[in-house]
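Each residue of the sequence shown is one higher than the one before, counting from 1 in the numbering used here.
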Amino acid sequence: MAQIDFEGRVAVVTGAGGGLGRSHALLLASRGAKVVVNDLGGSRDGSGQGSEMADAVVQEIKDAGGEAVANYDNVASWEGGESIVQTALDSFGKVDIVINNAGILRDKSFHKMDQAEADAVLQVHLHGGFHVTRAAWPHMRDNNFGRVINTTSGSGLYGNFGQVNYGAAKLGLVGMVRSLAIEGAKYNVAAHAIAPVAASRMTEDVMPEQLLERLQPDFVSPLVAYLCSEECTETGKIFSVGGGYMARVALLEGEGVAFQDVPSVEDVAEKWSEVVQLGDGSQEFTNGVGEQTGKIINALGITF
């Protein structure tokens, strides 16, 4: 198979100062893409800022012979999203790829969560993905090519204790992808979502060291790069990925029940097993982000 490259393509990667974003940026640049490395430089909870993280990744790319520029804007504002994309336009003349990876965590059980903890996470993840993509979208349509990758999470797809804010934002990004895929189809603009399990500052204190060693970000980036390529013509898909494991995730709807007349509450109760049935009942469904990680561990044969 011919090598897949990104010569002539311009990619924006948010949250690219470390972890997954850095890995995505390095891989795309190594294959010819010109990259805008966006990172606010803040801490895991979104506080603080600085230029060092983005600058370091840009230097890595340049040292390897690639082209990149840094951007330090905050994805959480409409203006920040526009400025990030404008950096691509000013530096490289266009934008072809947007990878929405920037994120923060403010975990807390729902009954203790305050407005600031909810709003901050929704603004960075859900609004951030919207802001950057919206700024890039007209340019992709005009160029008849575009790829958008939203970083969702098992917490959004399956749920996780203490992450109602994060899970709500992450599943919102999936809904965004599904509609973008429909709107972008006639313009050769594809959109996908990935739910990665990988070692990063977001996960470094919640997974054992042995597992983190296997779940390096480098295992995730090849899928992201393929989804961003011209060779991949699919759109609107969701993937679980980590440590070399890749699997499509889908929203399912069962055969259901059709009532010819307005049913009583008791009618619903009587037919409940049919209402909730998916498939023939033999399928295994993922319940919680812990099970998502468990599937990856089992598939890879990791033992502790």
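Cβ atoms here follow ideal geometry from the backbone N, Cα and C, with glycine treated the same way.
Please read these numbers as outputs of a predicted model, since none were measured by experiment.
Non-local C-beta neighbours of L227 in its own chain, meaning closer than 7 Å and more than five positions away in sequence, comprise R147, I149 and H192, ordered along the chain. Bridge pairing for T151: I194 [DSSP]. Assignment of beta-bridge partners to V36 by DSSP yields V12 and V69. In this structure, DSSP gives M113 a state outside helix and strand, which the three-state scheme calls coil. Judged by their CB atoms, V75 and A56 are not nearer to each other than the 8 Å cut-off. For N298, the three-state secondary structure derived from DSSP is helix. Taking a contact to require three or more Cβ pairs closer than 8 Å, the stretch 57-70 and the stretch 93-113 do not qualify as touching. The C-alpha of A68 lies about 28 Å from the C-alpha of E234. In the pairwise beta carbon analysis, the stretch 21-35 is classified as not touching the stretch 72-86: fewer than three pairs are separated by under 8 Å.
When the Cα atoms are used, D119 and N165 turn out to be separated by approximately 8 Å. If you draw a straight line from the Cα of V268 to the Cα of Q277, it is about 13 Å long. Annotated three-state conformation of F130 is helix, per DSSP.
Using a Cβ distance threshold of 8 Å, L215 and M246 do not count as a contacting pair. DSSP, reduced to helix, strand and coil, places I104 outside both helices and strands of the structure shown, so it counts as coil.
Per DSSP, reduced to three states, the secondary structure at V265 is helical.
DSSP places V275 in the helix class (H, G or I) of the three-state scheme. Taking all protein chains in view, the Cβ of W78 is surrounded by fewer than 16 other Cβ atoms within 10 Å, so the residue is classified as exposed. By the criterion of a C-beta distance shorter than 6 Å, G236 is surrounded in its chain by R178 and A181, once the five residues flanking it on both sides are discounted. Of T151, G17, Q163 and G288, the smallest CA-CA separation from Q49 is found for G17.
Between T152 and I238, the CB-CB gap stays under 8 Å. Assigned with DSSP and collapsed to three states, G162 falls in coil, not helix or strand.
For F239, there is no enclosing alpha helix (DSSP H); the enclosing beta strand (DSSP E) has its first and last residue at I238 to G242. The criterion of a C-beta distance shorter than 8 Å is not satisfied by K186 and N143. In this structure, the straight-line span from the alpha carbon of E255 to that of G281 is close to 12 Å.
Considering only L122, G66, L157 and N71, the residue with the shortest C-alpha distance to S51 is N71.
The Cβ-Cβ distance between G81 and H125 does not fall below 8 Å.
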